[in-house]
Amino acid sequence: MSDACIFCKIVAGTIPAKLLYEDEQVVAFADIAPQAPVHVLVIPRRHLASLDGLTEADRPLVGHLLERVAHVARLLGVAEAGYRTIINTHHDGGQEVYHIHVHILAGKRIGPMVVR
Ligand code: AMP
């Protein structure tokens, strides 16, 4: 756990979040500033700062994380219609919170990806 990390605090239960799924390795909760009707973040309990920096040792956890993203999408009832997943990395990728997280965006047709 990183004391300064807001998502570690959500994992620890010291700041509130709308939890939607949890197991021994990952937690899913509603994004506080949703960009789509469904906007959920799925994170590992363990503090991993960014996609950049993952090592071979992280493969089992990251594999589980990604499989649970698909599970959470099914739980939310959006899997059949579809959803977008995003992992932002560092400044140019738009990463604001340095605890790796997968965004699930769904609930409407999300158009082609446009990079401005
Ligand atoms: P990123 O830009 O990929 O780092 O995304 C960080 C996301 O975390 C943003 O979509 C924020 O709205 C979201 N966020 C920040 N603080 C919280 C919080 N306390 N609870 C839920 N979502 C949060």
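Residue numbers are given in our numbering: position 27 of the sequence shown equals residue 915, and the series is strictly consecutive. In this text, a Cβ means the ideal position worked out from N, Cα and C, and glycines have one as well.
- About 16 Å separates the beta carbon of A924 from that of I975, a gap too long to meet the 8 Å contact definition.
- For a cut-off of 8 Å, the C-beta gap from V966 to V926 is around 6 Å, short enough to register as a contact.
- Here K906 has F917 and A918 as same chain residues with Cβ atoms under 7 Å from its own Cβ, once five neighbours each way along the sequence are excluded.
- The way I'd put it, the stretch 895 to 905 does touch the stretch 977 to 990; three or more beta-carbon pairs between them come closer than 8 Å.
- Taking 9 Å as the cut-off, the beta carbon of V930 is found no closer than this to the beta carbon of V899.
- Going by DSSP, P932 is part of the beta strand (DSSP E) stretching over V926 to P932.
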